[in-house]
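J.:
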Amino acid sequence: MSVDSLKNAWNVADLRKKIGYTLLMFLIFRIGAHIPTPFIDRELLNQMFGSGAMMNFMDTISGGSFKSLSVFALSITPYITASIILQLLTIVIPTLERLSKEGDFGRKKITQYTRYSTVALGFIQAFGLTYGIRAAVNVASPAMKWPTYLLIALVLTAGTAFLMWLGEAITEKGIGNGISLIIFAGIVSRVPSALASLWEMLRVGEINALSIIGLLIIVVFITAGVIYVQEGQRRVTVQYAKRVVGRRVYGGQSSHIPLKVNQAGVIPVIFAMSLLAFPQTIASWTPTSGFARFVNTWFSMNGSITSIPYLLLYGALILFFTYFYTSITFNPVDVADNLKKYGGFIPGLRPGRPTAEYLTKVLNRITLAGGLFLALIAVLPTLVIGLTGLKNIYFGGTSLLIVVGVALDTMKQIESQLMSRHYQGFMK
Numbered sequence: 014m015s016v017d018s019l020k021n022a023w024n025v026a027d028l029r030k031k032i033g034y035t036l037l038m039f040l041i042f043r044i045g046a047h048i049p050t051p052f053i054d055r056e057l058l059n060q061m062f063g064s065g066a067m068m069n070f071m072d073t074i075s076g077g078s079f080k081s082l083s084v085f086a087l088s089i090t091p092y093i094t095a096s097i098i099l100q101l102l103t104i105v106i107p108t109l110e111r112l113s114k115e116g117d118f119g120r121k122k123i124t125q126y127t128r129y130s131t132v133a134l135g136f137i138q139a140f141g142l143t144y145g146i147r148a149a150v151n152v153a154s155p156a157m158k159w160p161t162y163l164l165i166a167l168v169l170t171a172g173t174a175f176l177m178w179l180g181e182a183i184t185e186k187g188i189g190n191g192i193s194l195i196i197f198a199g200i201v202s203r204v205p206s207a208l209a210s211l212w213e214m215l216r217v218g219e220i221n222a223l224s225i226i227g228l229l230i231i232v233v234f235i236t237a238g239v240i241y242v243q244e245g246q247r248r249v250t251v252q253y254a255k256r257v258v259g260r261r262v263y264g265g266q267s268s269h270i271p272l273k274v275n276q277a278g279v280i281p282v283i284f285a286m287s288l289l290a291f292p293q294t295i296a297s298w299t300p301t302s303g304f305a306r307f308v309n310t311w312f313s314m315n316g317s318i319t320s321i322p323y324l325l326l327y328g329a330l331i332l333f334f335t336y337f338y339t340s341i342t343f344n345p346v347d348v349a350d351n352l353k354k355y356g357g358f359i360p361g362l363r364p365g366r367p368t369a370e371y372l373t374k375v376l377n378r379i380t381l382a383g384g385l386f387l388a389l390i391a392v393l394p395t396l397v398i399g400l401t402g403l404k405n406i407y408f409g410g411t412s413l414l415i416v417v418g419v420a421l422d423t424m425k426q427i428e429s430q431l432m433s434r435h436y437q438g439f440m441k
């Protein structure tokens, strides 16, 4: 999307209103990120959390709310986790499967279940996080009481519920893609502080200019690669047979089915990060236990050899969710049935089952390529950045992947809305 297209979108009153509404929601999000949770000592909290890459990433996607434990500390991750659970259950529970096929009514019902699950998961995660940082709180009494635990957990849960509403409001009244834009806003808001930290590390001699040049090369490579893969597609040729209806002849033209290399976008990365946050959360409940030591040693993004099991698991989850989300958003059987219904066929293949099998074969191949690329981009920079000494800066592959992917999707949505309002001018 060019700058001229963005200017044209701003000149359209309806789109300008949607963009302004989205920016207003971003402002509310940033204000909430600075509202402190009661009964928490910030200095002790920072000492407990430290500067691990996982903590830095959680702090990045929450817009700086996680380490300061503001009301938005949990960010939107409980909603993402609830969405994963509901989508998995849709496959195994017939009732949910029927609801998913009942159009708007079914989608609204599943969305309602997702909201309830978000509140429940948010409260469990908030209470566990509160209990885990009990040694880093400062209250009037010598020990934190259970009502205080409950109050802090309720505040954090309310913050997550509000962010869920904020994301849905952006989707309905803004430019769309609300949940992803909330994560996008959180990551982008940390860029100035990340650049300031990078400059400070360079000034005191903690890193050298070559490390920064290497980081810039990684950023350029990821950005170009994500754009290339996101825009890449396999076009399957479709021929429509001629049909005579009355005195008119329909069909006879050629078309194509665009199969995107990365059909799932950045959703697999977000899903994988949400699931991997669970062991870290559970480990924080009992920081001195053997499980916590095991998780912190072998399943943390520390940029060393011990982070390899974590990175392998991270890449495997990204690949799994790429296939999973693609299978939900694109059904080859339905596409083949629709082609057969309207007289379309792929040259050299019979309509129906052979067409569905061919589309499945093609989709599996390009999804494998897209999933491996996502995993490589998300995993490799994390290890490289850690090994080059940039352990206090987390704006690596995963963050850039989310930012670039969400930006591309948002641009396409704005451009499609602009085109639908000026389709006559575009046709000319």
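First residue of the sequence shown? That's 14 in the working numbering, and the numbers climb one at a time after it. Just so it is clear, CB atoms sit at the ideal spot from N, CA and C, and this is done for glycine as well. Please read these numbers as outputs of a predicted model, since none were measured by experiment.
#1: Ignore the nearest five residues each way along the sequence and tell me which others in L179's own chain have a CB closer than 8 Å to its CB.
#2: Determine the burial state of V274: buried for a count of at least 16 other Cβ atoms within 10 Å of its Cβ, exposed for fewer.
#3: Would you call the segment 233–243 and the segment 408–425 touching, i.e. three or more CB-CB distances under 8 Å?
#4: According to DSSP, what are the bridge partners of R248?
#5: Could you pull the DSSP bridge partners for S444 from this structure?
#6: L169: which of P51, K122, L326 sits nearest, CA to CA?
#7: How far does the alpha helix (DSSP H) with T173 in it reach, from first residue to last?
#8: Measuring only the C-alpha atoms, how far is I53 from L82?
#9: What three-state label does DSSP hand Y327 in the structure shown?
#10: Could you tell me whether the segment 87–101 touches the segment 125–141, where touching means 3 or more Cβ pairs closer than 8 Å?
#11: What's the C-alpha gap between S78 and L109?
#12: Which of helix, strand or coil does DSSP assign to Y355?
#13: Would you say I359 and T373 are within 8 Å of each other, going by their C-beta atoms?
#14: Considering Cα atoms alone, identify which of E219, Y371, Q276, I283 is closest to I341.
#15: By how many angstroms is the C-alpha of G227 removed from the C-alpha of L74?
#16: Measure the alpha-carbon distance for Y323 versus T310 and round it to whole angstroms.
#17: Work out the CA separation of H269 and G172 for me, nearest whole Å.
#18: What whole-angstrom Cβ distance do V251 and V375 have, given they're in contact under 8 Å?
#19: For L352 and K121, I'd like the C-alpha separation in whole angstroms.
#20: Give me the DSSP bridge partner(s) of Y253.
#21: In angstroms, rounded to a whole number, what distance separates the CA positions of N344 and A139?
#22: Going by C-alpha to C-alpha distance, which of Q293, S267, F334, R378 sits closest to G356?
#23: Does DSSP put T301 in a helix, a strand or coil?
#24: Does DSSP put E213 in a helix, in a strand, or in coil?
#25: What does the alpha-carbon distance come out to for the pair I331 and G218?
#26: State the DSSP-derived secondary structure class of Y205, mapped to helix, strand or coil.
#27: Using the C-alpha atoms, what's the distance from L134 back to I283?
#28: Quick one: what's got a C-beta closer than 6 Å to A388's C-beta in the same chain, skipping five residues either side?
#29: Is I48 closer than 8 Å to V84 when the C-beta atoms are compared?
#30: Give the straight-line distance between the Cα atoms of S88 and A166, rounded to the nearest whole angstrom.
#31: Determine the direct distance from the alpha carbon of L112 to that of G4, and round the result to whole angstroms.
#32: Over the uninterrupted alpha helix (DSSP H) stretch that includes A95, give me the two end residues.
#33: By Cβ distance, which residues of its chain are closer than 7 Å to Y126, with the 5 residues on each side in sequence left out?
#34: Report the rounded CA-to-CA distance for L326 versus A391, giving the unit in angstroms.
#35: Are the CB atoms of A296 and A285 nearer to each other than 8 Å?
T.: Quick look at the numbers:
#1: Position 166 of the sequence shown, counted from the start, is the residue given in the question as residue 179. The beta carbon of L179 lies closer than 8 Å to those of M38, I41, F42, G191, I195 in the same chain, with the five residues before and after it left out.
#2: On the sequence shown, residue 274 is found 261 positions in, with the first residue counted as 1. When all chains shown are included, V274 counts as buried.
#3: Touching, per the Cβ criterion.
#4: Here the question's residue 248 lines up with position 235 in the sequence shown. Paired residues: P271.
#5: Since the first and last residues shown for the chain are 14 and 441, residue 444 lies out of range.
#6: Residue mapping note: residue 169 aligns to position 156 of the sequence shown, counting from 1. Looking at the Cα atoms, P51 is the closest of the given residues.
#7: Counting from 1 along the sequence shown, the entry for residue 173 is found at position 160. Looking at the DSSP string, the run of the alpha helix (DSSP H) that includes T173 is 159–186.
#8: One-based indexing of the sequence shown puts residue 53 at position 40. One-based indexing of the sequence shown puts residue 82 at position 69. Answer to the nearest angstrom: the Cα atoms are 8 Å apart.
#9: Here residue 327 refers to the residue found at position 314 of the sequence shown. Y327 falls in the helix class under three-state DSSP.
#10: They touch, by the three-pair rule.
#11: In the sequence shown, counting from the first residue as 1, residue 78 sits at position 65. In the sequence shown, counting from the first residue as 1, residue 109 sits at position 96. Straight-line Cα distance between these residues: approximately 35 Å.
#12: For the purposes of this step, residue 355 is identified with residue 342 of the sequence shown, where counting begins at 1. Note: Y355 maps to coil in three-state DSSP.
#13: Numbered from its first residue, the sequence shown carries residue 359 at position 346. Numbered from its first residue, the sequence shown carries residue 373 at position 360. Against a cut-off of 8 Å, the Cβ pair of T373 and I359 comes out as no contact.
#14: Looking up residue 341 in the sequence shown gives position 328. Considering only alpha carbons, the answer is Q276.
#15: Walking along the sequence shown from the start, residue 74 turns up at place 61. Walking along the sequence shown from the start, residue 227 turns up at place 214. Sequence check: residue 74 is Ile here, not Leu. Their Cα atoms are separated by approximately 23 Å.
#16: The residue given as residue 323 occupies position 310 in the sequence shown. The residue given as residue 310 occupies position 297 in the sequence shown. About 10 Å.
#17: As a working note, residue 172 is residue 159 in the sequence shown. As a working note, residue 269 is residue 256 in the sequence shown. For G172 and H269, the distance between alpha carbons rounds to 46 Å.
#18: Residue numbering aside, residue 251 sits at position 238 when the sequence shown is read from its first letter. Residue numbering aside, residue 375 sits at position 362 when the sequence shown is read from its first letter. Contact between V251 and V375 does not hold, since the beta-carbon distance rounds to 13 Å and is not under 8 Å.
#19: Along the sequence shown, read from residue 1 onward, the residue named residue 352 stands at position 339. Along the sequence shown, read from residue 1 onward, the residue named residue 121 stands at position 108. The C-alpha of L352 lies about 29 Å from the C-alpha of K121.
#20: As a working mapping, residue 253 is identified with position 240 in the sequence shown. According to DSSP, Y253 bridges with G357.
#21: The residue you call residue 344 lines up with position 331 of the sequence shown. The residue you call residue 139 lines up with position 126 of the sequence shown. Going from the Cα of N344 to the Cα of A139 covers about 37 Å.
#22: As a first step, residue 356 is located in the sequence shown; it is residue number 343 there, counting from the start. Minimum Cα distance to G356 is reached at S267.
#23: Along the sequence shown, one-based indexing puts residue 301 at 288. Collapsing the DSSP output to three states places T301 in coil.
#24: For the purposes of this step, residue 213 is taken as the residue at position 200 of the sequence shown. Under the three-state reduction of DSSP output, E213 falls in the helix class.
#25: Along the sequence shown, one-based indexing puts residue 331 at 318. Along the sequence shown, one-based indexing puts residue 218 at 205. Taking the straight line joining both Cα atoms gives about 36 Å.
#26: By one-based count along the sequence shown, residue 205 stands at place 192. First, the amino acid is wrong: residue 205 is Pro here, not Tyr. It is helical.
#27: Counting from 1 along the sequence shown, the entry for residue 283 is found at position 270. Counting from 1 along the sequence shown, the entry for residue 134 is found at position 121. Roughly 17 Å separates the two Cα atoms.
#28: The count along the sequence shown starts at 1 and reaches residue 388 at position 375. Around A388: G328, I331, L332.
#29: Translated into positions along the sequence shown, residue 84 becomes position 71. Translated into positions along the sequence shown, residue 48 becomes position 35. Judged by beta-carbon spacing, I48 lies within the 8 Å limit of V84, meaning their Cβ atoms are closer than that value.
#30: Indexing the sequence shown from 1 puts residue 88 at position 75. Indexing the sequence shown from 1 puts residue 166 at position 153. The alpha-carbon atoms of S88 and A166 are separated by roughly 14 Å.
#31: This structure cannot settle anything about residue 4, because the visible part of the chain is limited to 14 through 441.
#32: Counting from 1 along the sequence shown, the entry for residue 95 is found at position 82. Residue range 90–105 is occupied by the alpha helix (DSSP H) that includes A95.
#33: In the sequence shown, residue 126 corresponds to position 113, counting from 1. Taken in chain order, the residues that qualify are L99.
#34: For this step, residue 326 is matched to residue 313 along the sequence shown. For this step, residue 391 is matched to residue 378 along the sequence shown. Rounded to the nearest whole angstrom, the CA to CA distance from L326 to A391 is 12 Å.
#35: Against the sequence shown, residue 296 aligns to sequence position 283. Against the sequence shown, residue 285 aligns to sequence position 272. Contact: no.
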